[in-house]
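Asks:
Residue numbers (the UniProt record's numbering): 1 to 164.
1) Beta carbon of residue 113, beta carbon of residue 49: below 7 angstroms?
2) Under DSSP, the beta strand (DSSP E) around residue 91 begins and ends at which residues?
3) List the whole-angstrom C-beta distance separating residue 63 from residue 141, where the pair is believed to meet the contact cut-off of C-beta under 8 angstroms.
4) DSSP puts residue 96 in a beta bridge; with which residues?
5) Can you give me the C-alpha to C-alpha distance between residue 60 and residue 26, rounded to a whole angstrom?
6) Closest to residue 72 by CA distance: which of 93, 9 and 144 is it?
7) Which stretch, first to last residue, makes up the alpha helix (DSSP H) that contains residue 144?
8) What three-state label does DSSP hand residue 25 in the structure shown?
9) Please work out which residues of its chain come closer than 7 angstroms, Cβ to Cβ, to residue 81, disregarding the five sequence neighbours upstream and downstream, and give them in chain order.
10) Assuming residue 148 and residue 83 are in contact, meaning their beta carbons sit under 8 angstroms apart, how far apart are those beta carbons, in whole angstroms?
11) To the nearest angstrom, how far is the alpha carbon of residue 68 from that of residue 110?
12) Pick from 130, 51, 38 and 128: whose alpha carbon is nearest that of residue 146?
So this is what it looks like as structure tokens:
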């Protein structure tokens, strides 16, 4: 049944989902800056996202090694932007993620990049393979960003005598 659906519908559907998820992430991030953070809140997103790797159990989502490397490299490059704009501040005895004015624009820019890239690449790369590539890109962007955040959080935490 699924194979009878034209692939452009998958591209359109996944693009709509990407826009909805991107909007959701922006709202969550804006709300998160109003509440103190901790190690668990920094570590959980990559762990939760790692379950998406189960898609690679299915042949249609598998990606050739060269495309894995390309997607991961792009993700790591994009992570540097997120790392540069993620800073912490101390308020009382709590540590907060500083709200960056650039963050919303960065997320919108990344979302636009993703939509445009998907539209261009979907004509030459199978939709399932493309989904795998974008998951790799996102995961390769998330992991270094969260590791950098955790390192920075721990440094800030050490400056607060009551917290350690």
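For every residue, glycine included, the Cβ atom is placed at its ideal position computed from N, Cα and C.
Replies: On the basis of the data shown:
1) no
2) 88-91
3) Going by Cβ atoms, the distance from residue 63 to residue 141 rounds to 16 angstroms, so no, they are not a contact pair.
4) 89
5) The C-alpha of residue 60 lies about 30 angstroms from the C-alpha of residue 26.
6) 144
7) 127-158
8) helix
9) The residues 106, in chain order, have a CB closer than 7 angstroms to that of residue 81 in the same chain once the five nearest residues on each side in sequence are set aside.
10) Contact holds; Cβ gap of about 4 angstroms.
11) 19 angstroms
12) 38
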